[in-house]
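Chemist:
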Amino acid sequence: MVTVKLNDEDSVKAIQDFVRNTPDIDVYEYIRRGCNGEVYFGKRIKMNDEVVLKFYWSQKDYDATEEAVILQNIDHKNILKIYDLRFVPPNYAYFLKPRISGGDLQGIIDSRKLSTKESLEIVSGVLLGLNELHSKHNLVHRDLKPGNVLFDLEKNIPIIADIGSVKKIHQADGYVTASKSTFLYLPPEAILANEYYYQSDIYQVGIIMFQLVGGYFPIHSPIDWLTEREKKQVDAIRNRDDKCRKFDEFIGNKVVKGQLAKTNSLPFYLDATFKRVLNKALNFHYERRYTNPSLFLKDIHSLLRSSPDYVQEPDRLLIIHEEGKEFQLYENSEKEVVLEKRVPNKGWRKDNSHNGTLESPLSVARKK
Amino acid sequence: MKTIGIQIKSTEAILVVLEKDDEGNITQTNESAKFSIDDPNKPNQVRQFRDQINAAFDSIGAIRIGIVARNANGKGDRAPSPISFKLEGIVQLYDKVDIEQVWKQTTNSFFKKNAKMGSAKNKYQDDAYEVAYYLISQ
Chain A
31 MVTVKLNDED SVKAIQDFVR NTPDIDVYEY IRRGCNGEVY FGKRIKMNDE VVLKFYWSQK
91 DYDATEEAVI LQNIDHKNIL KIYDLRFVPP NYAYFLKPRI SGGDLQGIID SRKLSTKESL
151 EIVSGVLLGL NELHSKHNLV HRDLKPGNVL FDLEKNIPII ADIGSVKKIH QADGYVTASK
211 STFLYLPPEA ILANEYYYQS DIYQVGIIMF QLVGGYFPIH SPIDWLTERE KKQVDAIRNR
271 DDKCRKFDEF IGNKVVKGQL AKTNSLPFYL DATFKRVLNK ALNFHYERRY TNPSLFLKDI
331 HSLLRSSPDY VQEPDRLLII HEEGKEFQLY ENSEKEVVLE KRVPNKGWRK DNSHNGTLES
391 PLSVARKK
Chain B
16 MKTIGIQIKS TEAILVVLEK DDEGNITQTN ESAKFSIDDP NKPNQVRQFR DQINAAFDSI
76 GAIRIGIVAR NANGKGDRAP SPISFKLEGI VQLYDKVDIE QVWKQTTNSF FKKNAKMGSA
136 KNKYQDDAYE VAYYLISQ
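In structure tokens:
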């Protein structure tokens, strides 16, 4: 039911009619999401909880497909629950889901710099959800990216959402076709051969981790990935479609060459183990990536145990150890590197046991 | 068809995964791994260990999982580490497949009567390999 003016004239008639005929949901807001589908917010009257009504373009009788049946039965803390899934004629799939408090990870990445511990905890949660999709349901997500991972502020956990593009893989070493929805997150095998494996999802989680820990990934200005020469070539094309094709071609080449998520762009303070984990997750050959999410999770937990928490602030780097010991690293007015140490309930004290280079105080601060 | 053999040694659990194909060939898969815990008194590390083990078991999808049984009453040099029993308890909480206790004497007597094809990829995996092999051969 609808009790307020929704201003949803841009939505298609079939969807407008559908939301107005849901007697158990009070629909109060409409958001146009373009190619990502139509989104409405509402409140379930009997349950008194906030929900999201999402409509995607779909094949006929989508709700009867094997994937749709599986999706409705998934119950895992790191996967967004689907309360209802229906086909809306002529060609829309309707998903009813809970509304999550903290928004998506892309919004969080855009608003603040996450600490390494926060980032790794998020990746752990995503991998637990992915493990459920892979091992229990033989599903690949095909569109994992920060924009499709929500963060529940109440439970402090990430939740994999937008599972409309999941596909079932019928053999352990089998593959499905790739989803073309988010080009920048496609793994090399999807670009080269339109093949998508279980390990292709591992690649996408690798990109999420890369973004979370601060690797160079200009998602809002992807033209920045191109060299000046490439930019000129794209600019010289007049036709818009040809322009996009050329741009995608350049980006595709970079994905294949491993130049989109370069581990040498990671923040200076991350040690080699972060690079090793990311290089394995993002390996060009899907067979050389983590075989399954659980092996990736094991290495993420190992990083959580072995590394202190790095918090990058505008004027300093904080390095926090589990037992409460903290270091801060900054440049003074004479451009010298300064390292200070603080133990619980004490003030900052200079630590001069380093040689003034950047690496030396970092190795002091990293020690437990 | 897959089985998992586990040996718990002080603060680590050694997992060996064996797979049997349609022709009866048994191979060790690259899902075999070691799971450890640095400080068993830290709740977050205990939870991480639980998550890793459960996720690994789910991914592997083994039909039988066995663990090398240890004598809880062993004394002196033979006394198992108390931490290992904590890890064993976490492993046993997995509820999709029952975790079987397999005594060393059982595998020894099995391999006296049955030839073992192949061996563990690494020496440290020998005992876990024998448990997985025993389970997959039955």
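Residue numbers (my numbering), protein chains in the order written: chain A, 31 to 398; chain B, 16 to 153. Beta carbons are placed, not taken as given, at the ideal position from N, Cα and C, and that holds for glycine.
1) Can you list the residues of chain B that leucine 327(A) reaches, using a CB-CB cut of under 8 Å?
2) Tell me the DSSP secondary structure of aspartate 231(A) in three-state form.
3) For phenylalanine 298(A) and leucine 333(A), which I take to be in contact (beta-carbon distance under 8 Å), what is that distance rounded to the nearest angstrom?
4) Can you tell me whether DSSP reads arginine 379(A) as helix, strand or coil?
5) Please name the residues in the region 124-149 of chain A whose beta-carbon is closer than 9 Å to at least one beta-carbon of chain B, in chain order.
6) Would DSSP call glutamine 342(A) helix, strand or coil?
7) What distance in whole Å lies between the Cβ atoms of threonine 18(B) and alanine 77(B), which are believed to be in contact at a cut-off of 8 Å?
8) With burial defined as no fewer than 16 other Cβ atoms inside 10 Å of the residue's Cβ, what is the status of isoleucine 152(A): buried or exposed?
9) Where DSSP assigns a beta bridge to tryptophan 67(B), which residues make up the other side?
10) Drop a sphere of 10 angstroms on the beta-carbon of methionine 16(B), count the other beta-carbons inside from all chains shown, and report buried for 16 or more, exposed for fewer.
11) Spell out a yes or no on whether the region 104-119 of chain A and the region 173-189 of chain A are touching, meaning 3 or more CB-CB pairs, one atom from each, closer than 8 Å.
12) For leucine 327(A), collect the residues of the same chain with a Cβ closer than 8 Å to its Cβ; drop the 5 residues on either side in sequence, then sort them by chain order.
13) Please check the pair glutamine 409(A) and leucine 174(A), which I expect to be a contact at CB under 8 Å, by giving their CB distance rounded to whole angstroms.
14) When you compare only the Cα positions, how much space is there between arginine 20(A) and aspartate 345(A)?
15) Can you name, in chain order, every residue of its own chain whose Cβ lies under 8 Å from the Cβ of serine 134(A), other than the five neighbours on each side?
16) Under 8 Å between beta-carbons, which chain A residues line up against glutamate 34(B)? List them in chain order, please.
17) Strictly under 8 Å for the Cβ-Cβ distance: is lysine 166(A) near chain B by that measure?
18) Is the beta carbon of valine 57(A) sitting closer than 8 Å to the one on methionine 31(A)?
19) Under the rule that 16 or more other beta-carbon atoms within 10 Å means buried, what is valine 34(A), buried or exposed?
20) How about glutamine 43(B): is its C-beta nearer than 8 Å to some C-beta of chain A?
21) Under the rule that 16 or more other beta-carbon atoms within 10 Å means buried, what is valine 99(A), buried or exposed?
22) Cα-Cα, which of Tyr144(B), Asp142(B), Gly20(B) is closest to isoleucine 80(B)?
23) Does the Cβ-Cβ distance between alanine 135(B) and valine 32(B) come in under 8 Å?
24) So what's glutamate 219(A) in DSSP terms, helix, strand or just coil?
25) Can you name, in chain order, every residue of its own chain whose Cβ lies under 8 Å from the Cβ of aspartate 278(A), other than the five neighbours on each side?
26) Please check the pair glutamate 352(A) and arginine 372(A), which I expect to be a contact at CB under 8 Å, by giving their CB distance rounded to whole angstroms.
27) Can you pull the DSSP bridge partners for alanine 147(B)?
28) Could you pull out every unbroken alpha helix (DSSP H) segment of at least 4 residues lying fully inside the region 93-151 of chain B, listed in chain order?
29) Counting only Cβ pairs nearer than 9 Å, list the residues of chain B close to threonine 321(A).
30) Could you give the distance in angstroms between the alpha-carbon of glutamine 201(A) and the alpha-carbon of isoleucine 232(A)?
31) Under 7 Å Cβ-Cβ, which residues of chain B neighbour histidine 331(A)?
32) What are the residues that DSSP puts in a beta bridge with glutamate 68(A)?
33) For a contact defined as C-beta to C-beta under 7 Å, what are the partners of aspartate 53(B) on chain A?
34) Going by C-alpha distance, which of Leu144(A), Thr321(A), Phe48(A), Glu364(A) is nearest tyrosine 340(A)?
35) Within this structure, are the beta carbons of alanine 147(B) and isoleucine 29(B) separated by less than 8 Å?
36) Going along the chain, which residues of its own chain have a beta-carbon closer than 6 Å to the beta-carbon of threonine 150(B), five neighbours each way excluded?
Modeler: Taking the coordinates as given:
1) The count along the first sequence starts at 1 and reaches residue 327(A) at position 297. Near leucine 327(A) (Cβ distances below 8 Å), the residues of chain B are Asp66, Gln67, Ala70.
2) Here the question's residue 231(A) lines up with position 201 in the first sequence. Aspartate 231(A): helix per DSSP, three-state reduction.
3) Counting from one through the first sequence, the residue named residue 298(A) turns up at place 268. Counting from one through the first sequence, the residue named residue 333(A) turns up at place 303. Not quite, the Cβ-Cβ distance comes to about 17 Å (not below 8 Å), so this is no contact.
4) Along the first sequence, one-based indexing puts residue 379(A) at 349. If DSSP states are grouped into helix, strand and coil, arginine 379(A) belongs with the strands.
5) none
6) Working through the first sequence from its first residue, we reach residue 342(A) at position 312. In the structure shown, the three-state DSSP call for glutamine 342(A) is strand.
7) Counting from one through the second sequence, the residue named residue 77(B) turns up at place 62. Counting from one through the second sequence, the residue named residue 18(B) turns up at place 3. Contact check for alanine 77(B) and threonine 18(B): beta-carbon distance about 5 Å, within the 8 Å limit, so the pair qualifies.
8) The residue you call residue 152(A) lines up with position 122 of the first sequence. Looking at its Cβ environment, which holds 16 or more other Cβ atoms inside 10 Å, isoleucine 152(A) is buried.
9) Position 52 of the second sequence, counted from the first residue, corresponds to residue 67(B). Here residue 67(B) turns out to be glutamine, not tryptophan, going by the sequence shown. Glutamine 67(B) pairs with nothing; no bridge assigned.
10) Position 1 of the second sequence, counted from the start, is the residue given in the question as residue 16(B). So methionine 16(B) counts as exposed.
11) yes
12) Stepping through the first sequence from its first residue, residue 327(A) is reached at position 297. So the qualifying residues of the chain are Ser154, Leu157, Leu158, Asn161.
13) Examination of residue 409(A) is not possible in this model, given that chain A is present from 31 through 398 alone.
14) Examination of residue 20(A) is not possible in this model, given that chain A is present from 31 through 398 alone.
15) Mapped onto the first sequence, residue 134(A) falls at position 104. The identity of residue 134(A) in the sequence shown is aspartate, whereas the question assumes serine. Here the set comprises Pro176, Gly177, Asn178, Val179, Leu180, Phe181, Ala191.
16) Within the second sequence, the letter at position 19 stands for residue 34(B). The contacting residues do not exist; glutamate 34(B) stays about 10 Å from chain A at best.
17) To locate residue 166(A), count along the first sequence from 1; it is residue 136. Cβ-Cβ to chain B under 8 Å: yes for lysine 166(A).
18) To locate residue 57(A), count along the first sequence from 1; it is residue 27. To locate residue 31(A), count along the first sequence from 1; it is residue 1. Yes, the pair counts as a contact, with Cβ atoms nearer than the cut-off.
19) Here residue 34(A) corresponds to residue number 4 of the first sequence, with the count starting at 1. Exposed, by the Cβ-count rule.
20) The residue labelled residue 43(B) in the question sits at position 28 within the second sequence. Chain A contact via Cβ: absent.
21) Taking the first sequence and counting its residues from 1, one reaches residue 99(A) at position 69. Flag for valine 99(A) reads exposed.
22) For the purposes of this step, residue 80(B) is taken as the residue at position 65 of the second sequence. Measuring from the Cα of isoleucine 80(B), the nearest candidate turns out to be Gly20(B).
23) For the purposes of this step, residue 135(B) is taken as residue 120 along the second sequence, with counting starting at 1. For the purposes of this step, residue 32(B) is taken as residue 17 along the second sequence, with counting starting at 1. No, the pair does not count as a contact, with Cβ atoms beyond the cut-off.
24) Translated into the one-based positions of the first sequence, residue 219(A) becomes position 189. Of the three classes helix, strand and coil, the one that applies to glutamate 219(A) here is helix, per DSSP.
25) To locate residue 278(A), count along the first sequence from 1; it is residue 248. Only Phe213 meet the Cβ criterion.
26) Reading the first sequence from its first residue, position 322 is the one you call residue 352(A). Reading the first sequence from its first residue, position 342 is the one you call residue 372(A). Incorrect: roughly 15 Å between the Cβ atoms, too far for contact.
27) Counted from its first residue, the second sequence places residue 147(B) at position 132. The partner list for alanine 147(B) (beta bridge, DSSP) is empty, contrary to what the question assumes.
28) 97-107, 119-128
29) Position 291 of the first sequence holds residue 321(A). Against chain B, the beta carbon of threonine 321(A) has neighbours under 9 Å at Thr44, Asn45, Glu46, Ser74, listed in chain order.
30) Translated into positions along the first sequence, residue 201(A) becomes position 171. Translated into positions along the first sequence, residue 232(A) becomes position 202. Cα to Cα, glutamine 201(A) sits roughly 17 Å from isoleucine 232(A).
31) The count along the first sequence starts at 1 and reaches residue 331(A) at position 301. Neighbours of histidine 331(A) on chain B, chain order: Gln63, Gln67.
32) By 1-based counting over the first sequence, the position of residue 68(A) is 38. The partner list for glutamate 68(A) (beta bridge, DSSP) reads Arg62(A), Phe85(A).
33) Start at 1 with the first residue of the second sequence, and residue 53(B) comes out as number 38. Going along chain A in sequence order, the residues near aspartate 53(B) (Cβ under 7 Å) are Arg335.
34) If you number the first sequence from 1, residue 340(A) lands on position 310. The candidate whose alpha carbon is nearest that of tyrosine 340(A) is Leu144(A).
35) The residue given as residue 147(B) occupies position 132 in the second sequence. The residue given as residue 29(B) occupies position 14 in the second sequence. Going by C-beta atoms, alanine 147(B) is not nearer than 8 Å to isoleucine 29(B).
36) Within the second sequence, the letter at position 135 stands for residue 150(B). The amino acid occupying residue 150(B) in the given sequence is leucine; threonine does not appear at that position. Hits under 6 Å: Thr18, Arg79, Gly81.
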